[in-house]
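>
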Amino acid sequence: MRRLFLTFIGIGLLFAFNGCSESSTGSNDDDNNNNNNNNGSGNNFSFEDWSGGEPVNWTTSNIPNAYTNVTKSSDAQSGSAAIKAEVLSFQGAPINASITSGTALAPYFEIDQNVSKVNFYYKFSPANTGEYLSVQVSLYSSYPSGILSFETYQIDQAASNYTLLSLDMPIQAETPKLIQISVASIATVGATFLLDNITLE
466 MRRLFLTFIG
476 IGLLFAFNGC
486 SESSTGSNDD
496 DNNNNNNNNG
506 SGNNFSFEDW
516 SGGEPVNWTT
526 SNIPNAYTNV
536 TKSSDAQSGS
546 AAIKAEVLSF
556 QGAPINASIT
566 SGTALAPYFE
576 IDQNVSKVNF
586 YYKFSPANTG
596 EYLSVQVSLY
606 SSYPSGILSF
616 ETYQIDQAAS
626 NYTLLSLDMP
636 IQAETPKLIQ
646 ISVASIATVG
656 ATFLLDNITL
666 E
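In the working numbering, the protein residues as written are 466 to 666.
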């Protein structure tokens with residue numbers, strides 16, 4: 466894993482990683498599974514709800530009539546569905562896969578709580594060395610200018626079993642009203658990842 470420092474462009478603030486922890490679990494392990502009924506109801510944090518081949522309330526990298534690199538998978542950590550994302554080749558170029566909360570115009574979910582951790586389960590199968598998943602989480606009082614907390618992380622180790630990532634969020638000065646979550650592959654053709662069961666603490 467790599468920790469990064471980056472500048473949040475347009476705001477001019479420097480955020481440092483507080484860190485995160487990981488632990489491996491077997492596929493379909495129900496331990497520590499609160500799903501999202503108590504802190505994400507309606508946001509489809511469990512990826513159980515799909516419509517037209519897309520996860521409800523999420524935006525994917527799929528382009529209609531061109532390519533589909535984010536699909537529904539029955540290989541879930543718990544429940545019946547998870548996100549599966551794969552780097553595809555389109556017109557000779559690799560197309561990385563990504564998912565982002567909300568819609569293109571409103572890429573966030575409404576919340577009303579302080580967040581100390583963002584947890585989710587993942588599998589990652591890189592195609593070559595140096596590949597990784599980029600995870601970014603932002604908390605806002607209002608979008609886009611009212612950012613309260615920002616964290617990003619790189620997953621650069623393969624995980625064949627579902628593995629818990631627990632991303633620590635910096636302390637917020639006020640209670641966040643919005644959360645933005647995105648996960649994207651930075652990889653070559655053939656790399657895949659699965660994602661399931663996001664929870665907030």
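Glycine residues also receive a C-beta, built at the ideal position from the N, C-alpha and C atoms.
Determine the direct distance from the alpha carbon of L598 to that of L604, and round the result to whole angstroms.
In a straight line, the C-alpha of L604 is about 20 Å away from that of L598.
> Only counting runs of 3 or more residues, tell me where the beta strand (DSSP E) segments fall wholly within the segment 532-615, in order along the chain.
Here the runs fully enclosed are 535-538, 547-551, 553-555, 558-560, 563-566, 582-590, 597-607.
> Taking the straight line between their C-alpha atoms, what separation do you get for N530 and V552?
Roughly 17 Å separates the two Cα atoms.
> Straight-line CA distance for V600 to P591?
So the two alpha carbons sit approximately 15 Å from each other.
> Please look up how many angstroms separate the CB atoms of K448 and S625, rounded, as I've assumed it's under 8 Å.
Nothing about residue 448 can be read from this structure; the chain reaches only from 466 to 666.
> What is the residue span of the beta strand (DSSP E) that Q525 lies within?
The amino acid occupying residue 525 in the given sequence is Thr; Gln does not appear at that position. Looking at the DSSP string, the run of the beta strand (DSSP E) that includes T525 is 523-525.
> The beta strand (DSSP E) spanning D514 covers which residue range?
Taken as a continuous stretch (DSSP letters only), D514 belongs to no beta strand (DSSP E), as it is neither H nor E.
> Only counting the same chain, and skipping five residues up and downstream in sequence, which positions put a Cβ closer than 7 Å to that of V654?
Cβ within range, chain order: V552, L553, S554, P559, A592.
> Taking just the CA atoms, how far does I646 sit from V602?
Their Cα atoms are separated by approximately 5 Å.
> Run through DSSP, which three-state label would I636 get?
Residue state, collapsed to three classes: coil.
> Given this structure, state the Cα-to-Cα distance separating A638 from G518, to the nearest angstrom.
Taking the straight line joining both Cα atoms gives about 39 Å.
> Leaving out the 5 sequence neighbours to the left and right, which residues in its chain are closer than 8 Å to G595 when beta-carbon positions are compared?
Within the same chain, G595 has close Cβ partners D621.
> Within its chain, find whatever has a CB closer than 6 Å to the CB of I663; leave out the 5 residues flanking it on each side and keep chain order.
If we look at I663 and ignore the five residues flanking it on each side, its Cβ neighbours are F510, F585.
> Just mark P641 as buried or exposed, buried being the case when its beta carbon has 16 or more other beta carbons within 10 Å.
Buried.
> For T617, which option in G557, Y608, V583 has the closest C-alpha, if you only look at C-alpha atoms?
Residue V583 is the option with its Cα nearest to T617.
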